[in-house]
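Data first, discussion second: the structure below is written as structure tokens.
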Amino acid sequence: MAGGVSETAWWELAPAEVLEELAGGANEGKGKGRDDAKQGGEALLAEGLSLEAVEERRAAHGWNELEKPPSKPLWKLVLEQFDDALVKILILAALVSFVLAVSEELEAVRAESAAHHSGGDGGFMADLASLLTFQSLKAFIEPGVIVLILLLNAIVGVWQESNAEKALEALQELNSAACACLRQGKWVNELPARDLVPGDVVKLTVGDKVPADGRMVRLSTQTIRIEQASLTGESVPVEKVTDALAPSGKKSGGGGGGRKANGTHGASAGAGDTDLDI
576 MAGGVSETAW WELAPAEVLE ELAGGANEGK GKGRDDAKQG GEALLAEGLS LEAVEERRAA
636 HGWNELEKPP SKPLWKLVLE QFDDALVKIL ILAALVSFVL AVSEELEAVR AESAAHHSGG
696 DGGFMADLAS LLTFQSLKAF IEPGVIVLIL LLNAIVGVWQ ESNAEKALEA LQELNSAACA
756 CLRQGKWVNE LPARDLVPGD VVKLTVGDKV PADGRMVRLS TQTIRIEQAS LTGESVPVEK
816 VTDALAPSGK KSGGGGGGRK ANGTHGASAG AGDTDLDI
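Okay, here's the thing in structure tokens:
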């Protein structure tokens, strides 16, 4: 179930019980009897949900989609560009080159000052001012080039990663799943899977993707098989049944022994048609 209305394991209920639970999910606390619940389940399978019921359940359970992880802030993307062994070596090389350049230029400035002023000492500030001359700045070209390369590498890396994320989001939107859903007595073809709510009746045909977790309530063919290798690793399609399965830890007494009767998002329908109550 996609945000189910009950805490009951849906595969342990018979199809009629599932429909009754879902039909009464939007009317909890109104004191409906068994006959009313049964009629509501039959009406749900025949007519689907009303638009009012859809809005109520969406407000209660949200959209049928996985929560998107928050995007990385810009400062974190920039820092990640420097989290590389080669980049760290270049940073170390730039620091060493800068320290050596400062040391050599200070010694040269002091030697030149001593030669012109016969032992006079202008102090540290005078030496520092001498480092800002054009001739002295030439010694800092090498560390400056390394720092410039590192900055350009960070800018290009952030730009490429941002473009990759945008491209991935665009591909996901293009590849969004759709399904045939029964709403207010009419089948809505190509309904986006994210619009489904608990209680929606979905029809699957050969090759369709199962748009959400669901409970099979009716088959229009003898069997249906679901390809779910991407979820469970099973190499062959798995047959699904409408029968209720035994609770966990107990042996199943029917022909559906140990197999799930609920569809799974991302799987594909194999053979036949079925109505899948979401």
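Residues in the sequence shown are numbered consecutively from 576, following my numbering. Cβ coordinates follow ideal geometry from the N, Cα and C atoms, glycine included.
{"query": "Under 8 Å between C-beta atoms of Ala752 and Ala768", "result": "yes"}
{"query": "For Leu794, the nearest candidate out of Gly808, Val777, Glu802 (CA to CA)", "result": "Val777"}
{"query": "Classification of Lys857 by the beta-carbon crowding that lies within 10 angstroms, buried from 16 upward", "result": "Beyond the ends of the chain as shown, which are 576 and 853, falls residue 857; an answer cannot be given."}
{"query": "DSSP three-state assignment for Leu820, whether helix, strand or coil", "result": "coil"}
{"query": "Outcome for Pro648 when other beta-carbon atoms lying within 10 angstroms are tallied against a minimum of 16", "result": "exposed"}
{"query": "Any alpha helix (DSSP H) of 4 or more consecutive residues that is wholly inside the segment 603-657", "result": "609-622, 626-636, 649-655"}
{"query": "Segment limits, beta strand (DSSP E) that includes Glu717", "result": "Per DSSP, Glu717 belongs to no beta strand (DSSP E); it is in the alpha helix (DSSP H), 716-749."}
{"query": "Leu757 (DSSP reduced to helix, strand or coil)", "result": "strand"}
{"query": "Contact between the segment 804-821 and the segment 665-673 (3+ Cβ pairs under 8 Å)", "result": "no"}
{"query": "Contacting residues, own chain, Cβ-Cβ under 8 Å from Ala634 (five flanking each side not counted)", "result": "none"}
{"query": "Beta-carbon gap between Leu870 and Pro773 smaller than 8 Å", "result": "Any property of residue 870 remains undetermined from this structure, which presents the chain solely from 576 to 853."}
{"query": "Contact belief for Leu725 with Val662 at Cβ below 8 Å, rounded distance in angstroms", "result": "6 Å"}
{"query": "Pro645 burial status per 10 Å Cβ neighbour count (16 or more: buried)", "result": "exposed"}
{"query": "Three-state secondary structure assigned by DSSP to Glu596", "result": "helix"}
{"query": "Sequence-distant residues of its chain with Cβ nearer than 6 Å to Trp638 (five each side left out)", "result": "Arg769"}
{"query": "Bounding residues of the alpha helix (DSSP H) (the contiguous stretch that carries Leu806)", "result": "804-807"}
{"query": "Beta-carbon gap between Arg790 and Val629 smaller than 8 Å", "result": "no"}
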